[in-house]
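Participant: Chains as they are written, first to last, in the numbering used here: chain X, 970 to 1080; chain F, 151 to 387.
1) Please confirm whether residue 374 of chain F has its beta-carbon closer than 9 angstroms to some beta-carbon of chain X.
2) For residue 1006 of chain X, count neighbouring Cβ atoms within 10 angstroms of its own Cβ and tell me buried if that reaches 16, exposed if not.
3) Going by C-alpha to C-alpha distance, which of F:368, F:300, F:338, F:385 sits closest to residue 220 of chain F?
4) When the Cα atoms are used, what is the spatial distance from residue 385 of chain F to residue 1067 of chain X?
5) Go through the segment 1012-1044 of chain X residue by residue and report every complete run of the alpha helix (DSSP H) that reaches 4 residues or more, in order.
6) Give the DSSP bridge partners of residue 319 of chain F, in chain order.
7) In three-state terms, what does DSSP make of residue 124 of chain F?
8) Does DSSP put residue 208 of chain F in a helix, in a strand, or in coil?
9) Return yes when the Cβ of residue 1052 of chain X is within less than 9 angstroms of the Cβ of residue 381 of chain F, no when it is not.
10) Cβ closer than 9 angstroms: which chain X residues qualify as neighbours of residue 382 of chain F?
11) For residue 282 of chain F, which option in F:372, F:353, F:202, F:230 has the closest C-alpha, if you only look at C-alpha atoms?
12) Can you give me, in chain order, the residues of the segment 246-269 of chain F that have a beta carbon less than 9 angstroms from any beta carbon in chain X?
13) Leaving out five residues before and five after residue 299 of chain F in sequence, what residues of the same chain have Cβ atoms less than 7 angstroms from its Cβ?
14) Report yes or no: is there a C-beta of chain F within less than 9 angstroms of the C-beta of residue 1030 of chain X?
15) If we define contact as Cβ-Cβ less than 9 angstroms, is residue 1052 of chain X a contact residue for chain F?
16) Let's see if you can read the secondary structure: which residues bound the beta strand (DSSP E) around residue 338 of chain F?
17) State whether the segment 276-291 of chain F contacts the segment 182-195 of chain F, with contact taken as three or more CB pairs (one from each stretch) at a distance under 8 angstroms.
18) Quick check: what's the CA-CA separation for residue 1008 of chain X versus residue 1032 of chain X?
19) For the segment 301-318 of chain F and the segment 204-211 of chain F, state whether three or more C-beta atom pairs, one from each stretch, are separated by less than 8 angstroms.
20) Determine the contact status of residue 297 of chain F and residue 325 of chain F, defining contact as a CB-CB distance below 9 angstroms.
Here it is, written out as structure tokens:
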């Protein structure tokens, strides 16, 4: 019994240590625009050419950083500029995700 | 009387600001204003740009004037430092609205020194394509010069436009003079960099004797694009 418990604990510990941290970006159904050129934590993960349409989720990418900023490109009427996603809850651009989990961060861009 | 004086001061400040002040537009990077002692400066906290490929400006960390101006001389003091293996910075001008069109003096170098100055132009390849088409711009080197300049030094860069020629001088020494026949009447201008960090202590622009921009970066006039968002985090183990 003791041996079984030890083996199970070891397996659980191994699983916890080896779990990947993954991130996907969801474009909410209230945005109205696709999100393009997404970058997480200064290039820790890049979605490059992937365009995330309204109410869609991007592909999931393995990340190393659990705290960072989300950057994307926006058209301002004359040019494409880089834009930083500002969290409305905190008023800051910093987002924290859970280590060892599959995270989905939903962006509701306000026009 | 006090209230009247305050009002006069406020109006004077606004007049001076609107006369020689400028609103900057951050195209890419993370540009800030700071001050050490009495000297304030513009700087970018990011070393490298992301290759979004809409333009040379978005690919490098860049900042430009929001409005167009008529000018015949640009003067600025800058310092490039912390270079990585491939380092570049540029002062661009003659950008008449379309952000993919400009001329520039681009400084490139290794990790140890600035080795080359190029006069470059960026042009739209196919004007009929929509603006979200990537890689629809072409950067060409028109002239170049080999140099040996140190990093982490302050340079006073002057660019003057005289009789179809554009002249670059550094610390009051003429470095390059290039032909530039078709200048736009008014245009935007600015800076970009990649593979290094950049500090700019002042940026002055003149039209003849008339100052057009006199910015010593004592106030933050940078307009930054942001996407306001509600970040909802769903995590599944």
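Backbone N, C-alpha and C fix where the C-beta goes; we use that ideal spot for every residue, glycine too.
Facilitator: For this structure:
1) Position 224 of the second chain holds residue 374 of chain F. Yes, its Cβ sits closer than 9 angstroms to a Cβ of chain X.
2) Here residue 1006 of chain X is taken as the residue at index 37 of the first chain, counted from 1. Buried.
3) In the second chain, counting from the first residue as 1, residue 220 of chain F sits at position 70. When only C-alpha atoms are compared, the closest one is F:338.
4) Locating residue 385 of chain F in the second chain gives position 235, counting from the first residue. Locating residue 1067 of chain X in the first chain gives position 98, counting from the first residue. One C-alpha to the other measures close to 7 angstroms.
5) none
6) The sequence position of residue 319 of chain F within the second chain is 169, counting from 1. Answer by DSSP bridge pairing, in chain order: F:308, F:324.
7) This structure does not reach residue 124 of chain F, given that chain F is present from 151 up to 387, and the question cannot be answered.
8) The sequence position of residue 208 of chain F within the second chain is 58, counting from 1. Of the three classes helix, strand and coil, the one that applies to residue 208 of chain F here is helix, per DSSP.
9) Counting from one through the second chain, the residue named residue 381 of chain F turns up at place 231. Counting from one through the first chain, the residue named residue 1052 of chain X turns up at place 83. Cβ distance not < 9 angstroms, so residue 381 of chain F and residue 1052 of chain X don't count as in contact.
10) Residue numbering aside, residue 382 of chain F sits at position 232 when the second chain is read from its first letter. In chain order, 995, 997, 1073, 1074, 1075, 1076, 1077 make up the part of chain X whose C-beta sits under 9 angstroms from the C-beta of residue 382 of chain F.
11) Translated into the one-based positions of the second chain, residue 282 of chain F becomes position 132. Nearest option by C-alpha distance: F:202.
12) 247, 248, 249, 250
13) Locating residue 299 of chain F in the second chain gives position 149, where the first residue counts as 1. Result list for residue 299 of chain F: 263, 264, in chain order.
14) Position 61 of the first chain, counted from the start, is the residue given in the question as residue 1030 of chain X. With 9 angstroms as the cut-off, residue 1030 of chain X does not count as an interface residue toward chain F.
15) In the first chain, residue 1052 of chain X corresponds to position 83, counting from 1. It does: the Cβ of residue 1052 of chain X has a partner Cβ on chain F nearer than 9 angstroms.
16) For the purposes of this step, residue 338 of chain F is identified with residue 188 of the second chain, where counting begins at 1. Unbroken beta strand (DSSP E) run through residue 338 of chain F: 338-344.
17) no
18) In the first chain, the residue the question calls residue 1008 of chain X occupies position 39. In the first chain, the residue the question calls residue 1032 of chain X occupies position 63. Taking the straight line from one Cα to the other gives about 11 angstroms.
19) Three or more Cβ pairs closer than 8 angstroms define a contact, and the segment 301-318 of chain F falls short of that threshold against the segment 204-211 of chain F.
20) If you number the second chain from 1, residue 297 of chain F lands on position 147. If you number the second chain from 1, residue 325 of chain F lands on position 175. Yes, the Cβ-Cβ distance between residue 297 of chain F and residue 325 of chain F is below 9 angstroms.
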